[in-house]
Amino acid sequence: MEEVRAKADETVTLILEHIPISNADAFRAAGTGQMQMMAKLAQIARKPYLNRVTMQNIRQTIHDFALDVQIVEEDGQEKLLFEANPNRRWLILKLLDDDFLGSIMTDQKYSVNSKSAL
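Numbering of the sequence shown is given in numbering that gives the first Met the number 0, commencing with residue 0 and proceeding in unit increments.
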């Protein structure tokens, strides 16, 4: 368990290096305090795209999928607002794990929990 928690903590650090998050201490506490969130962080850690994701990409996804993720400005920088309440704590992790996808054929938008790259 401690090994999993340490890896989750490393992943939070990596995320925070690339994606500015407001309320980062609460984000870290949530991500390293619950097994399901640690598993989600492990999935994110395996993704090769994290260092290429920009706030513009994030803003577009939030807009396209009408996600209830807030972007706030702190010290002149845009940041995702992490909210620890149970109804909202998963949103940023799902966003970073690329769980929001769209169909080219049908123009439908989906929230997915498992996917295989082609």
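Note that beta-carbon positions come from the ideal geometry of N, C-alpha and C, so glycine has one too. Note that the structure is a prediction, hence the values are computed from the model and not measured.
When the Cα of residue i is compared with those of the options, which residue comes out closest?
i: L92; options: A38, R4, E9; result: A38
i: F99; options: N112, R88, R87, T105; result: N112
i: F26; options: R87, I103, V3, G75; result: R87
i: F64; options: L90, Q76, V11, T12; result: L90
i: E73; options: S21, E2, H17; result: S21
i: R4; options: H17, A23, D24, M34; result: M34
i: V52; options: K6, S102, L13; result: L13
i: E1; options: T31, F81, V71; result: T31
i: Q69; options: A41, L80, I103, V11; result: L80
i: H62; options: K6, V11, K108; result: K108
i: L66; options: H17, L40, K6, S110; result: S110
What is the DSSP secondary structure of residue i, counted as helix, strand or coil?
i: V3; result: helix
i: I57; result: helix
i: I18; result: coil
i: N84; result: coil
i: V11; result: helix
Between the beta-carbon of residue i and the beta-carbon of residue j, is there less than 9 Å?
i: M54; j: P19; result: yes
i: I57; j: L49; result: no
i: D97; j: K46; result: yes
i: T60; j: L15; result: no
i: A83; j: A28; result: yes
Can you check DSSP and say which residues form a bridge with residue i?
i: K78; result: V71
i: K108; result: G101
Specify, as a first and last residue, the run of the alpha helix (DSSP H) that residue i falls within.
i: D64; result: The sequence given here places Phe at residue 64; Asp does not occur at that position. First-last for F64: undefined, no H or E at that position.
i: K39; result: 34-44
i: L100; result: Note, L100: premise wrong, no alpha helix (DSSP H); beta strand (DSSP E) at 99-101.
i: A29; result: 23-30
i: L92; result: 90-95
In the DSSP assignment, the beta strand (DSSP E) including residue i goes from what residue to what residue?
i: S113; result: Run containing S113: none; DSSP gives neither H nor E here.
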